[in-house]
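Scroll down for the structure; my scribbles are underneath it.
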Amino acid sequence: MSKYPVKNREIMQGSIAVAETIGALEPGVIGVYPITPQTHIVEHLARLVANGAINSRYINADSEFSAASILYGAASAGVRSYSASSSQGLLLMTEVIFNMAGTRLPGVFSAVNRSLSPPINIQVDHQDTMTLRDSGLIQIYVENIQEAVDTHVQIYRIAEDREVLLPAMVCMDGWIISHAYEPVTLWQEDAVKEFAGSYDPPFKVDPRKPLTYGALTDDDKITEFKYMVDSALCRTENKIVQAAELFREEFGNFHGDVVEKYYTDDAKIIIVAMGSVVGTIKEAVDRMRAGGKKVGLLKIRSFRPFPAAAVRELLSGAEMAIVVDRSFSASAGGILGSEIKANLYHQNGPVLFNYIAGIGGRELYPHSIMEIVQESETAFSKDCVPDGAVFFNLNEELL
Amino acid sequence: MKLNIGGITEAGQSKKNLTGSWRYQIPVIDQDKCNGCGICELFCPDSCIDINNGRAVIDDTYCKGCGICVKECSRDAIVMQPEGDG
Amino acid sequence: MKEIRIHGRGGQGSVVTAELLAIAAFKDGKYSQAFPYLGGGGERRGAPVQAFCRIDQEPIRLKCQITEPNNLIIQDAGLIELVDLFKGLKPGSPVLINSPDSPERLGFNDSEFMVYTFPATEVALEVFQKPLVNTAMIGAFAVLSGDLNLEALSRAIEQKFPGVTGRNNIKAMKKAAALARERFGVMKA
Chain A
1 MSKYPVKNRE IMQGSIAVAE TIGALEPGVI GVYPITPQTH IVEHLARLVA NGAINSRYIN
61 ADSEFSAASI LYGAASAGVR SYSASSSQGL LLMTEVIFNM AGTRLPGVFS AVNRSLSPPI
121 NIQVDHQDTM TLRDSGLIQI YVENIQEAVD THVQIYRIAE DREVLLPAMV CMDGWIISHA
181 YEPVTLWQED AVKEFAGSYD PPFKVDPRKP LTYGALTDDD KITEFKYMVD SALCRTENKI
241 VQAAELFREE FGNFHGDVVE KYYTDDAKII IVAMGSVVGT IKEAVDRMRA GGKKVGLLKI
301 RSFRPFPAAA VRELLSGAEM AIVVDRSFSA SAGGILGSEI KANLYHQNGP VLFNYIAGIG
361 GRELYPHSIM EIVQESETAF SKDCVPDGAV FFNLNEELL
Chain B
1001 MKLNIGGITE AGQSKKNLTG SWRYQIPVID QDKCNGCGIC ELFCPDSCID INNGRAVIDD
1061 TYCKGCGICV KECSRDAIVM QPEGDG
Chain C
2001 MKEIRIHGRG GQGSVVTAEL LAIAAFKDGK YSQAFPYLGG GGERRGAPVQ AFCRIDQEPI
2061 RLKCQITEPN NLIIQDAGLI ELVDLFKGLK PGSPVLINSP DSPERLGFND SEFMVYTFPA
2121 TEVALEVFQK PLVNTAMIGA FAVLSGDLNL EALSRAIEQK FPGVTGRNNI KAMKKAAALA
2181 RERFGVMKA
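So the protein sequences, as listed, match chains A, B and C. Quick note on numbering: the first sequence equals residues 1 to 399 in this note's numbering. Quick note on numbering: the second sequence equals residues 1001 to 1086 in this note's numbering. Quick note on numbering: the third sequence equals residues 2001 to 2189 in this note's numbering.
Rendered as structure tokens:
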């Protein structure tokens, strides 16, 4: 008997494991519109609702915009809500997500990461979710199916905290996590529900006590409203740490809090990355360590709030930091790379390399990571560090 | 006064704004023609028309005299009159 | 670590094959992982697809495709001309091809790999009256590979396809395994 509330340990598809976990949390409202590769999550939830296994109101929306709006409505009525989407679908939700953050409504989204069109591509990169980064949304990137499950258990508690009250997104790589089969532990419903707690917002839509949502606000107050969103998201960092620690106590698993360290303590070179590629990088780090190279990995788990202090602290002792980015801001480099760089400014920190890699499903193998490290080391030793981000494995012949 | 989170405020804040004060024309209902259909109530941008006992009634505290009700009334039961003509 | 790459066409159940192998390995007390590659128009029926399965005694952290497999399953011999099936395959690795022809007839008389052919389509037609080849290929592959547990595979099929579909698929797998034992002899990995 495990001392933890294990329901069962099974091998299953990432999407099904996440849907089962959301099922255990039984949000009052599920508002969705299907898009590849998110589909299996919402299909399975539809099945759970149709079979009477869970008592959620499942609403098939007519677009992602509507799906997100349904979450806005549910959250403003004090009801826990859930949605999932990918790629263009997330872009269509963007307007509503800004609204939810500004109105302080904590719906939860699973984002199954997929490249943005055009050209159309259904494989993974992080451009879709990274594009939502300025909204005030909480974003946690996960490495594997177990972390996806555990993070969904943690996320409501974080988002619905009275000091937070912001929408939240668990970002999981399309196919590599959503469609892969891996051994996974699912948790007992009552334990999961108890961990999540209840959603009790300070305001609720109620016809008997009317309130105004979305009122016009002028320049005399708007900066203050925006500042309140910013400080709520900053406060969230501590809540993520607390949720991860409490989860470790009660469920036994730990995947890092806002970041996860892997051989960073004595590392001269630290690779920084998010999402499923982290697993492959751990393997590459082991291989390089076996060859005597002092390499480490900094996994960014919480991209929003951005773990600035942890980044500064953990990278300060390294000679080189190599950021592997699965998204970029055209003309301005990798998004994660730029933010890491900004946080190291005025620090006596490492020399920074930024690689844009793994776009639209282009594979990243342990040897790709070792190649990136080798290339960076060569540039470092010759003192010819690239000015900006480098597109890794760019096929010049096609250009 | 401290701000609420999310810009959520008490309902009916616009009541403080007495929009009727700068009106120079007021709609007047012909009680014989009005059948209380409610079209004017629906179209009034300031929600200041009510149907009461089967007839439209205008709240002149908020009516700013825009005349939309006159345009919309399908029975020509509303006319604009200069303010103060009674 | 056992790294199996499966080549097939959209609709032939290659992704399901990888999943069944992973489920069975898990039921057999191992760590495993399965995932598809859906680039290259892989969602379309008939387009070449790949699926991957890793099996190990240790937790698996790798999240990338298998570029240097030590096992290959080819669901459709027609792909030999179309796809670089053997890319990265480690010399001496077993290769199972769905074909009624001998490896020699397919041109593999002098291969650096251990190429086996198996008439999975024929077995599938007998059982289903349809060319649903994947569970027959799994049966033959289990015999060839020697370290896959047929009982665990049956339970994996039952779990994924409850009822009559599962029973027929188990029948196809076991029939194929019996025929494979005759053809290949008893193998040890």
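Where a beta carbon is used, it is the ideal one built from N, C-alpha and C, also for glycine. A quick note: this is a predicted structure, and the numbers were derived from the prediction, not measured.
- By the criterion of a C-beta distance shorter than 6 Å, A:E64 is surrounded in its chain by Y33, S85, G89, L92, M93, once the five residues flanking it on both sides are discounted.
- Rounded to the nearest angstrom, the Cβ distance from C:L2021 to C:I2157 is 11 Å, too far for a contact under 8 Å.
- Under the DSSP assignment, C:L2148 falls outside any beta strand (DSSP E); it carries neither an H nor an E label.
- When Cβ-Cβ separations below 8 Å define contact, C:S2099 makes no contact with chain A.
- Taking each of C:R2155, C:V2143, C:V2049, C:N2168 in turn and checking the Cα distance to C:E2182, the smallest one comes out for C:V2143.
- Listed along chain C, the residues sitting closer than 7 Å to A:S276 by beta-carbon distance are K2063.
- The beta carbons of C:A2077 and C:N2098 sit closer together than 8 Å.
- The C-beta separation of C:A2140 from C:A2172 comes to about 10 Å, leaving the pair out of contact by the 8 Å criterion.
- Note that the segment 1019-1034 of chain B touches the segment 1051-1059 of chain B; at least 3 beta-carbon pairs, one per stretch, sit closer than 8 Å.
- The residues V96, in chain order, have a CB closer than 6 Å to that of A:S69 in the same chain once the five nearest residues on each side in sequence are set aside.
- For A:S85, the enclosing beta strand (DSSP E) has its first and last residue at 81-85.
- Non-local C-beta neighbours of C:R2045 in its own chain, meaning closer than 8 Å and more than five positions away in sequence, comprise R2009, G2010, G2011, ordered along the chain.
- Using a CB distance cut-off of 8 Å, A:R287 does not count as an interface residue toward chain B.
- For A:I222, the enclosing alpha helix (DSSP H) has its first and last residue at 222-251.
- Of the residues assessed, A:D257 falls on the buried side of the cut-off, its CB having 16 or more other CB atoms within 10 angstroms.
- The beta-carbon of C:S2102 is placed no less than 8 Å from the nearest beta-carbon of chain A.
- Taken through DSSP and simplified to helix, strand or coil, C:Q2057 comes out as coil.
- Within the segment 164-211 of chain A, the complete beta strand (DSSP E) runs of at least 3 residues fall at 168-173, 181-187.
- The DSSP assignment places 87-103, 127-130 as complete runs of the alpha helix (DSSP H) inside the segment 79-134 of chain A, in order along the chain (cut-off: 4 residues).
- For A:R57, there is no enclosing alpha helix (DSSP H); the enclosing beta strand (DSSP E) has its first and last residue at 57-60.
- The segment 281-288 of chain A and the segment 235-244 of chain A do not touch, with fewer than three beta-carbon pairs separated by less than 8 Å.
- Residue pairing by DSSP places B:M1080 opposite B:P1027 in a beta bridge.
- Note that the C-beta distance between A:V124 and A:I176 is below 8 Å.
- By the Cβ rule, the segment 179-192 of chain A does not count as touching the segment 46-53 of chain A, because fewer than three pairs are nearer than 8 Å.
- Between the segment 2052-2072 of chain C and the segment 360-370 of chain A there are three or more C-beta pairs closer than 8 Å, enough to call the two in contact.
- The beta carbon of A:P106 does not come within 8 Å of any beta carbon belonging to chain B, so the residue lies off that interface.
- Only residues of its own chain outside the window of five on either side were considered, and among them T2117, P2119, T2121, E2122 have a CB closer than 8 Å to the CB of C:P2100, listed in chain order.
- Within chain B, the residues placing a beta-carbon under 8 Å from that of A:G102 are G1006, G1007, ordered along the chain.
- Taking the Cβ atoms as the reference, A:G358 lies roughly 11 Å from A:V278, outside the contact range of under 8 Å.
- Shown here, C:K2002 sits in a strand according to DSSP, grouped into three states.
- For the 8 Å CB-CB criterion, A:K294 and A:K268 form a contact.
- Interface criterion not met: the Cβ of C:E2182 is under 8 Å from no Cβ in chain A.
- If you look at A:R312, you'll find it in the alpha helix (DSSP H) that goes 308-315.
- The alpha-carbon of C:K2027 is positioned some 20 Å away from that of A:S15.
- Assignment of C:S2032 by DSSP, reduced to helix, strand and coil, places it in the strand class.
- DSSP places A:S15 within a helical segment (H, G or I) once states are collapsed to three.
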